[in-house]
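Chemist: This structure is in structure tokens; I'll ask about it shortly.
2 protein chains.
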Amino acid sequence: MALDPKQRRAARHAQPDTDSAAAAGRPAARKAPITVERITDAALHVVATEGYDALTIRSVANVLGTGPSSLYAHIVNKADIDDLLIGRLCVQITLPEPDPDRWREQIRDVCAQIRDRYLQYPGISRAALAMVPTNLDTLRVNEGIFAILLAGGIEPQTAAWAIDALFLYVAGYALEASMVRQRRKDRDANWVLNQEELVRRFRALPEDAFPQTRRYAAELTSGSGHERFDFALGLLIDNLGGQAEAAGG
Amino acid sequence: MALDPKQRRAARHAQPDTDSAAAAGRPAARKAPITVERITDAALHVVATEGYDALTIRSVANVLGTGPSSLYAHIVNKADIDDLLIGRLCVQITLPEPDPDRWREQIRDVCAQIRDRYLQYPGISRAALAMVPTNLDTLRVNEGIFAILLAGGIEPQTAAWAIDALFLYVAGYALEASMVRQRRKDRDANWVLNQEELVRRFRALPEDAFPQTRRYAAELTSGSGHERFDFALGLLIDNLGGQAEAAGG
DNA sequence: AGGTTGACACGAACTAAGTTCGCCTCGTAG
DNA sequence: CTACGAGGCGAACTTAGTTCGTGTCAACCT
């Protein structure tokens, strides 16, 4: 059962209904075993310290003190490592018991958790955006948010689509934020800018073509901390329940 | 002036205020010249026909009938090609004259334009998400949306942040949609699923851990056409102007 | 107990891709 | 006509994903 890494990957995803009551005997480790867990740990370490761009099969193997080929007994390919990483991140998300009176707050909390996990591992949200929607760990988070929305009286169809929009936004936000941070330490990045420089450039744009951008350069570049994040989440969340909640309360 | 590709790239981005009234004499083509425009055309052709993953320096050079090194007299690096592509896409966006009475409609129209451009070039929104915010062509679209929002009576700070959220969502949506389409023709993709298969797998999840996902599998996977897109844009847009518009009407 | 087996580890190598180097070509200027 | 230099291009360097074949060791079988 533990032979084919493709089977291992499949086990992490929602499967068709073919019931399989197979045995699950894990014959304990052999010597200094490379496991999927150790690979995930090593990969997370690489991403946390050097960023997602530095995540290569070789870098992970190096952390484990071996060569790249050694990993292929446990993973299918590099995308599989992404899958493992996102899975691990999702496992760490705490899902509250749905409270109909605090559902907006609960949604915000879970989204903030996801955001902070993403930011802790810079660039990893790229992998999240490319993730296949059957990963069991991501489905668990999906289920948790879904339950909160439903408890809040949101229509199932509305809730389902809202989850999609929320995840997309959170991942996009984290990706953008990660890249801004990342670019600060890159070599070619001297032509990329911090906020003051950005404002200066916006103000230097031609007046006829960019009047608003010039005038409101400060507003366009503002948003320290997670103000932008909170604002966007507000847009998405506060508008939910317009139908259902208007009737209920 | 046309020597260094870094200068060419810089010319496409917002610059600091050092006034430069330099000459702009282009000395006409020499023989069968490789130009930035031809590179952009070739790259767009590759993305449109084979997808963003197939966009390599070599594939672009191949379309132009030359080798990879020939491009480096015109581009800085591969990210520079992304920059060119997004710029070209943005140039094609039609920005309406802001109409205070139809601002929501206008925003939806521009976002739909961007979405369709992205989808026309599958996966290209990855590049859009990684784009540096000083590209002049993207700033033009930014300015256009900004003007519409301001005409609609939205507070400048609110409008600025709303643009951010809108772009992030549109790019994320297009990326997800592109990948779904892309995976249909990949080899390893037989383990990735279409909607019916996805519903079946959701329904096969354990009842205790995934009750809502099981119950509303249809809702979670629904959304043909751009229903999800329209829904999410509605969430973002309809909630705007709550302050300003409530007073004005 | 000793051989057998097979899962796992791993060095080496293959391929693809981004990038650089140095030489060549060819049009223009003097 | 020659010199210059921008631009084109082949070749090669580097990094990275992936595969192949072989080695190794623990458990099992006889």
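Residue numbers (this note's numbering), protein chains in the order written: chain A, 1 to 249; chain B, 1 to 249.
The C-beta atom is built at its ideal place from N, Cα and C for all residues, glycine as well.
What you are looking at is a predicted structure, and each value in this text was computed from that prediction instead of being measured.
1) Can at least three beta-carbon pairs, one atom from the stretch 80-99 of chain A and one from the stretch 113-121 of chain A, be found at a separation below 8 Å?
2) Is Ala-246/A close to chain B, meaning its C-beta is less than 8 Å from at least one C-beta of that chain?
3) Name the chain B residues whose beta carbon is nearer than 9 Å to that of Ser-222/A?
4) Between the Cα of Val-199/B and the Cα atoms of Arg-126/B, Asp-99/B and Gly-223/B, which residue gives the shortest distance?
5) Compare the Cα-Cα distances from Asp-238/A to each of Ala-54/A, Gln-15/A and Glu-105/A and report the closest residue.
6) Tell me the rounded alpha-carbon separation between Tyr-72/A and Thr-66/A.
7) Could you tell me whether any Cβ in chain B is nearer than 8 Å to the Cβ of Gln-92/A?
8) Just grab the DSSP bridge partners of Asn-135/B for me.
9) Could you tell me the distance, in whole angstroms, from the CA atom of Ile-34/B to the CA atom of Thr-213/A?
10) Do Pro-100/B and Ala-159/B count as a contact pair if the criterion is CB distance below 8 Å?
11) Decide yes or no for the touch test of the stretch 129-147 of chain B against the stretch 158-172 of chain B: beta carbon pairs closer than 8 Å, at least 3 of them.
12) Can you find a C-beta in chain B that's less than 8 Å from the C-beta of Arg-228/A?
13) Can you pull the chain A residues whose beta carbon is under 7 Å from the beta carbon of Gln-212/B, in chain order?
14) Between which two residues does the alpha helix (DSSP H) containing Gln-106/B stretch?
15) Quick one: is Arg-184/A near chain B, going by C-beta distance under 8 Å?
16) Grab the span of the alpha helix (DSSP H) containing Asp-41/A for me, first residue to last.
17) Is Leu-236/A near the ligand SAM, with its Cβ less than 7 Å from a heavy atom?
18) Would you kindly work out how many angstroms separate the C-alpha atoms of His-13/B and Leu-139/B, rounded to a whole number?
19) Just checking: is the beta-carbon of Glu-176/A within a distance shorter than 8 Å of some beta-carbon in chain B?
20) Provide the residue span of the alpha helix (DSSP H) that contains Gly-87/B, from first to last.
Modeler: Concretely, from the data shown:
1) yes
2) Reliability of the predicted coordinates at Ala-246/A is poor, the pLDDT of 40 falling under 50, and no value is obtained from them.
3) Gln-157, Ala-160 and Trp-161
4) Gly-223/B
5) Glu-105/A
6) 12 Å
7) no
8) His-13/B
9) 34 Å
10) no
11) yes
12) yes
13) Glu-143, Phe-146, Ala-147 and Leu-150
14) 103-120
15) no
16) 36-50
17) Absence of the ligand SAM is noted for the structure shown, with no ligands found whatsoever.
18) 9 Å
19) yes
20) 78-91
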